[in-house]
Amino acid sequence: MTPNLTYVIVIGVLVAAGVTLLLERSLTRVLMGVILLGNGANLLLLIGGRAGGAPIVGTTSQEEMSDPLPQAMILTAIVITLGMTAFLLALAYRSWHLNGHDEVQDDVEDRRIMTLAERDEGPDGEDTGDDDDDDMTAEGERLAASATPGRSG
8 MTPNLTYVIV IGVLVAAGVT LLLERSLTRV LMGVILLGNG ANLLLLIGGR AGGAPIVGTT
68 SQEEMSDPLP QAMILTAIVI TLGMTAFLLA LAYRSWHLNG HDEVQDDVED RRIMTLAERD
128 EGPDGEDTGD DDDDDMTAEG ERLAASATPG RSG
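Just add 7 to the spot in the sequence shown (first one is 1) and you have our numbering.
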């Protein structure tokens, strides 16, 4: 059995759009990306099954029965996507309530580690061996002070 070309193109578009949206900073777009990716995965599982009669012994011959496993996997994927959607909706609502937006900001610790790594590398990417912890602590404190989000609500 060969899959319909239309299904393959739709699956590719859904997965590509879902991955693109997952890479955004807005939780609303991440939520839409999860939903599109879930729908693309469901369609992929759907075209993996064989069409046929009901998989009930005695009503259809064994050669004509459809495979019930893709259907069960799709139901499981729907439940998982629903759970992820509810979780991301709760995160977006909480972020909107606390900050007035749903954009995910950079982590202060990640920026501090990136700054430390950049200072340890020389002009050609070689390790210079400088371990000025006092300078790094002051830099980390400055970054933490500049990135402290205001709280409203």
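Positions of the beta carbon are idealized from the N, C-alpha and C atoms, including for glycine. No experiment lies behind these values; they were computed from the predicted model shown.
Comparing alpha carbon positions, the residue from Arg32, His104 and Ala61 closest to glutamine 112 is Arg32.
Sixteen is the threshold: since fewer than 16 other Cβ atoms of the shown chains lie within 10 Å of the Cβ of glycine 90, the residue is exposed.
Only residues of its own chain outside the window of five on either side were considered, and among them Gly56 and Arg57 have a CB closer than 7 Å to the CB of aspartate 74, listed in chain order.
Burial check for asparagine 11: the Cβ neighbour count within 10 Å stays below 16, so the residue is exposed.
Counting C-beta pairs with one atom in each stretch, the segment 36-52 and the segment 80-94 have three or more that are closer than 8 Å, which means they touch. Across the structure, glutamine 69 and alanine 23 are spaced so that their CA atoms are roughly 38 Å apart.
Taking all protein chains in view, the Cβ of valine 41 is crowded by 16 or more other Cβ atoms within 10 Å, so the residue is classified as buried.
Between leucine 51 and isoleucine 18, the C-beta spacing is below 8 Å.
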